[in-house]
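Here this note's numbering is used: the first residue of the sequence shown is 7, the next is one more, and so on. Here is the structure we will look at.
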Amino acid sequence: MELNIANISEKKGAHLFFNFSEKLSPLVIGGEEIEFDGPILVEGTATNVGKGKILVEGKINTKIMVNCSRCLKPVCINMDTEFKKEFVKKSVLNEPSYHKLYEDEEIRTYEGDKLNLLNEVLENVILNIPMKALCSPDCRGICSICGCDLNVSECHCTSESIDPRLAELQKWFKE
């Protein structure tokens with residue numbers, strides 16, 4: 007996802023519209039594989055804001071496949087998100103005045119006439135993955151004892167788990 011900014015790199019205020027459609031390989035996050043269901047669509051504008059800085063604003067649209075947090079069935083999630091990031095030319099970054107202004111920020115850099123947007127796009131996709139994806143709001147999950155899918159059938163496991171050290175006390179309550 008490289009953006010050629012040769013047409014806007016020399017003129018402050020110049021802007022460029024872009025649009026990408028790419029098929030990406032699956033991501034592995036926390037041991038879980040997250041697949042893209044189709045291409046990832048990215049569109050937006052790049053604007054020269056002067057002093058070697060390019061402001062990129064865009065929208066990301068994709069579908070990801072994750073497992074339901076309760077029953078582990080595959081779930082397709084439609085993801086629409088926006089991003090805004092400033093890219094700084096590496097030669098400008100070495101100036102001491104620039105470092106003092108932006109020393110606490112994460113800075114994206116570029117060299118020549120190309121901006122690589124892949125890291126920014128992937129970062130925004132990862133940040134927008136839901137913490138707990140559900141196949142439906144009323145998903146009942148799986149039985150913690152036998153592994154039966156509770157959305158499909160009822161299990162007959164007893165949910166009562168007794169600490170073996172306290173089993174003798176249970177006899178007292180039965181009497």
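The beta carbon of each residue, even a glycine, is placed where N, CA and C say it ideally should be.
**Q.** Own chain, CB closer than 7 Å to Cys-149, minus 5 neighbours either side, in chain order
**A.** Leu-156, Cys-161, Cys-163
Q: Report the residue from Gly-50, Pro-80, Asn-73 whose alpha carbon sits nearest the alpha carbon of Val-62.
A: Gly-50
(Q) Would Lys-96 and Thr-115 qualify as a contact pair, given that the criterion is a beta-carbon distance under 8 Å? (A) yes
Q. Candidates Ile-168, Phe-24, Asp-43, Glu-38: which alpha carbon is nearest Lys-182's?
A. The first residue shown for the chain is 7 and the last is 181, placing residue 182 beyond what the model contains.
Q: Return helix, strand or coil for Ile-40, following the three-state DSSP convention.
A: strand
Q: For the beta strand (DSSP E) holding Glu-129, just list the boundary residues, first then last.
A: Careful: Glu-129 lies outside any beta strand (DSSP E), inside the alpha helix (DSSP H) at 124–133.
Q: Would you kindly work out how many angstroms separate the C-alpha atoms of Arg-171 and Cys-145, rounded to a whole number?
A: 34 Å
Q: Return helix, strand or coil for Pro-80, following the three-state DSSP convention.
A: strand
Q | Whole-angstrom distance between Trp-178 and Ser-31, CA atom to CA atom | A | 60 Å
Q: Confirm, please, whether the CB-CB distance from Ile-60 to Phe-93 is below 8 Å.
A: yes
Q) How big is the Cα-Cα spacing for Pro-9 and Ser-15? A) Note that residue 9 is Leu in the sequence shown here, rather than Pro. Whole-angstrom Cα-Cα distance: 12 Å.
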